[in-house]
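Protein chains in written order, with my numbering: chain A, 1 to 145; chain B, 1 to 145. Below is one structure, written out as structure tokens; the observations come after it.
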DNA sequence: TCGCAACTATTAACATGTTAAGGATGCACA
DNA sequence: TGTGCATCCTTAACATGTTAATAGTTGCGA
């Protein structure tokens, strides 16, 4: 009578988790030597790419929830990887910026990180890789069509 | 000189996170009324589908890390959603099984859950939906080819 | 049968995910 | 001008992710 649930082996959420695990495993292995986490790496990546950002924009671009970013940025300040300054115009807003020490982590790992991405692209092939990114984007509620 | 990192806006890990967010949002909304989490829902789904399982197999099928499963199963035992029994033959092994109360949560939400899946399938179209699952599976290290 | 390696599960410690509540600042409008 | 509301961020509380260490069992070979 009731609609049957799809088999868990064909479950999209679980497939997304496992794919993410597969993609992130080599990246986590790389980062374990640097002492930073995957999320901290994302923060550094975004700040290195865009320069100083307010916390809201940073959280959005790094796909982090705001409370997580609050904790992560506190940790990263203590480690000297980023700085945080209050906006004088709008004193609610805080700007985060990468430090030279933080940038060094990016520089030291950019090559290996690029290789990991290239590996995945090679496994799927250029066409399927782009197709995958396209499909994933269509599931992202943030990307209004 | 150094290989450039791909733009974070085309980052596969971030795309996977966001897609997962898009897929899970309606499921979490559904589950919030039942008082269980997304991971507890996965455990119930797998146990309902396969019957009693040892913890290792369950963790694998539900894509949970073992320490997470230990905590989750403790919570679910307290809620009366599952039972845990020690294997008499190999006393290292524990078997987990869904209770009628747990099965009721599955039954009560199967319809709505199936509709959510159908919605996603409709958004992507049958062909692209299957293509996406195929591509994700190829990124899963657990699925040996 | 003794001892040791492998296996199964738990515990610990720290970081993040998730939701809700709280605190500070800015802004519009009566 | 001052009050109500929106905005930006933090804090709190609980659950999970992640890695490493630990405890109880089993099985096997010296």
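Where is the CB? At the ideal position from N, CA and C, for every residue including glycine.
Residue i to residue j span [Cα, whole Å]
i, j, result
"residue 82 of chain B", "residue 36 of chain B", "13 Å"
"residue 145 of chain B", "residue 110 of chain A", "Residue confidence for residue 145 of chain B is low, a pLDDT of 47 falling below 50, so the modelled location carries little weight and cannot support an answer."
"residue 1 of chain A", "residue 73 of chain B", "In this prediction, residue 1 of chain A has a pLDDT of 46, which is less than 50 and means its spatial position is unreliable; nothing more can be read from the coordinates."
"residue 130 of chain B", "residue 93 of chain B", "36 Å"
"residue 49 of chain A", "residue 78 of chain B", "47 Å"
"residue 57 of chain B", "residue 87 of chain A", "52 Å"
"residue 127 of chain A", "residue 113 of chain A", "21 Å"
"residue 91 of chain A", "residue 40 of chain A", "25 Å"
"residue 122 of chain B", "residue 124 of chain A", "25 Å"
"residue 55 of chain B", "residue 53 of chain A", "45 Å"
"residue 116 of chain B", "residue 14 of chain B", "23 Å"
"residue 89 of chain B", "residue 23 of chain A", "38 Å"
"residue 135 of chain A", "residue 66 of chain B", "31 Å"
"residue 160 of chain A", "residue 132 of chain B", "In the structure as shown, chain A starts at 1 and stops at 145, and residue 160 of chain A therefore has no counterpart that could be examined."
"residue 80 of chain B", "residue 59 of chain B", "19 Å"
"residue 71 of chain B", "residue 29 of chain B", "23 Å"
"residue 27 of chain A", "residue 61 of chain B", "24 Å"
"residue 183 of chain B", "residue 32 of chain B", "Past the boundaries of the shown model lies residue 183 of chain B; chain B is included only from 1 to 145, so the question cannot be answered."
"residue 69 of chain A", "residue 118 of chain A", "29 Å"
"residue 34 of chain B", "residue 9 of chain B", "35 Å"
"residue 25 of chain B", "residue 85 of chain A", "33 Å"
"residue 120 of chain A", "residue 76 of chain A", "29 Å"
Span of the beta strand (DSSP E), counted from its first residue to its last, around residue i
i, result
"residue 64 of chain A", "No beta strand (DSSP E) contains residue 64 of chain A, which DSSP labels as neither H nor E."
"residue 85 of chain B", "82-86"
Any non-hydrogen atom of the ligand SAH closer than 8 Å to residue i Cβ
i, result
"residue 12 of chain A", "For the ligand SAH, the structure offers nothing, since it holds no ligand at all."
Unbroken alpha helix (DSSP H) run spanning residue i, endpoints
i, result
"residue 28 of chain B", "12-32"
"residue 138 of chain B", "126-139"
Residues bridged to residue i (per DSSP)
i, result
"residue 53 of chain B", "B:96"
Could you name the residues of the stretch 37-51 of chain B whose beta carbon sits closer than 9 Å to any beta carbon of chain A, in the order they occur along the chain? 38, 42, 45, 46, 48, 49, 50
Give the residues from the stretch 21-32 of chain B that approach chain A closer than 8 Å (Cβ to any Cβ), ordered along the chain. 21, 22, 23, 24, 25, 27
With three or more C-beta pairs closer than 8 Å as the rule, is the stretch 106-117 of chain B touching the stretch 5-19 of chain A? Of all C-beta pairs linking the stretch 5-19 of chain A to the stretch 106-117 of chain B, three or more are shorter than 8 Å, placing the two stretches in contact.
Any chance the stretch 28-47 of chain A sits against the stretch 94-102 of chain A, with 3 or more Cβ pairs inside 8 Å? yes
Cβ-based contacts, 7 Å cut-off: residues of the stretch 58-91 of chain A near chain B: For the stretch 58-91 of chain A, which is checked against every Cβ of chain B, the residues closer than 7 Å are 61, 63.
Residues of the stretch 89-110 of chain A whose Cβ lies closer than 8 Å to any Cβ of chain B, in chain order: 106, 107, 110
Would the stretch 15-25 of chain B and the stretch 135-143 of chain A be scored as touching if the rule is three or more Cβ pairs under 8 Å? Judged by Cβ distances under 8 Å, the stretch 15-25 of chain B makes contact with the stretch 135-143 of chain A, as three or more pairs qualify.
By the 9 Å beta-carbon criterion, what residues does the stretch 4-18 of chain A contribute toward chain B? 4, 5, 6, 7, 8, 9, 10, 11, 12, 13, 14, 15, 16, 17, 18
Residues, ordered as in the chain, of the stretch 112-123 of chain A that lie near chain B by beta-carbon distance below 8 Å: 113, 114, 115, 117, 120, 123
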